[in-house]
Structures are given as C-alpha cells and as structure tokens.
Amino acid sequence: MPLLRRGFTQLAALALLGGAKAWAAERAPVQSLQLQRNDWVPNNPRLPVLIYPQAIALQGSDPAALFERTFASHGWPPQWRYGVFNYHHYHTEGHEVLGVASGQAQLMLGGPNGHVVKVCAGDVLLLPAGTGHCNLGSSDDFLVVGAYPPGQHADICREAPTAAQQARIDTLPFPDLDPVQGSCTPGPCPSEVSSPNGLKRNS
26 MPLLRRGFTQ LAALALLGGA KAWAAERAPV QSLQLQRNDW VPNNPRLPVL IYPQAIALQG
86 SDPAALFERT FASHGWPPQW RYGVFNYHHY HTEGHEVLGV ASGQAQLMLG GPNGHVVKVC
146 AGDVLLLPAG TGHCNLGSSD DFLVVGAYPP GQHADICREA PTAAQQARID TLPFPDLDPV
206 QGSCTPGPCP SEVSSPNGLK RNS
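Per the working numbering, the very first residue in the sequence shown carries number 26; after that it's consecutive.
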C-alpha cells in the first residue's frame, strides 16, 4: 500500500538510521533538507529531500546498472540514464530518486537562489514531488539514473503550479520501501539530522 505523509516521515526517519544492504558502500549518514516554497517553485514543505552520500559501492564496467538493480529491487523502477537539466524545473507527477553513476556535479535545489549541493559518483538524492532542481555545472562523464514509484513519471514544470498540479504534489503517495535501503529495522528517531556536506545557501 502506498505511503502518504505519515508513512513517508517514518520512512525518512528509518533511512536516517541507516542499515547494511546489498551494494551499500561505507556510507556517511543520510541527510535531510526541508525546502519551503520559493517564488514560482512549490518545493515540498511537508516532505524532505533525502541525500545519501556514497550510498552505492561502485564497481564493474556498468555502475549505472548497480543503481538500477538497487532501485528496482526496492520498488522504484528505473526509467532513464542521463544527466540533470541545466534549468530550474520540478515534477508534479512523480517523486524522483537520482543515482549518480559517474562524474560529479553542482546542483541547486529549491529553485533560483536555492541550496547548492555537490554530488559525485555513488551519491543518491531523493526529491519529493515539487522539489526544484537545476544543474549548475558538471563533469563530462556525469551520468545519473532516474527512478520513480510505479505509475509515476517526471513531467517537466518551469512555472508556478496550477491548483490541480499543487493538489497532485500534496497527495502523491510514496511506495512502502526506501529506494536505497529497502525495508529498515525500526528504531528511535535520531535526535539530530546532519547538515549535507557541501551544502550552502546561494546569495
């Protein structure tokens, strides 16, 4: 059964606790970023962005396949291999998980004058519907695997959402499993969430 806000909040807390999984690298703690509306970019004030530094131990000649295998096994079917567009945009019809298979990039989350995040091979970002994102610059070998819950996809929105689009952002369900770690062992919610490495406010 899909997860709504309460279920996602529990899932996010479990993801922050970590846990050993196939293909998991020596990971830093999962990081959380709460974004409010930013001018025309709605973001998702209810659901946080999750950042998994070095989530996948890359190996072999096709590292993208490791992300595809991991995401698919946790109920997030992969849909594409590409990069991240170099303009601000968001999605209303899909929660998006991005796995960096190779290279590095500097991304802005939250819309214009938003938060800058540096990502590199092995990192994963989970962007709830409505989250603005833009590629500020990347290496030539920057490659990302994109995946979404079943029945969801990435519509490209570059202006303020309509009432119908906002309603869709607010009610779009999550699947039961974390796309990186799958089912986690329940435990106490961490008292403090770490700040993402390389994260800063752009002025």
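A virtual CB, placed ideally from N, CA and C, is assigned to each residue, including glycine.
- For Arg-106, the uninterrupted beta strand (DSSP E) run begins and ends at 103-107, by DSSP.
- Within the same chain, and ignoring the five residues on either side of Gln-191 in sequence, the residues whose Cβ sits closer than 7 Å to its Cβ are Pro-67.
- Contact annotation: Gln-56 and Ile-81 have beta-carbon atoms that are not nearer than 7 Å.
- In the DSSP assignment, Gln-131 forms a beta bridge with Lys-143 and Gly-162.
- Comparing C-alpha distances from Thr-156 to each of Arg-94, Asp-195 and Gln-84 shows the shortest one belongs to Asp-195.
- In this structure, the alpha-carbon of Pro-70 lies about 15 Å from that of Ala-185.
- For Pro-200 and Trp-101, the gap between their C-alpha atoms comes out near 8 Å.
- Counting other Cβ atoms within 10 Å of its Cβ, Ala-126 reaches 16 or more and is therefore classed as buried.
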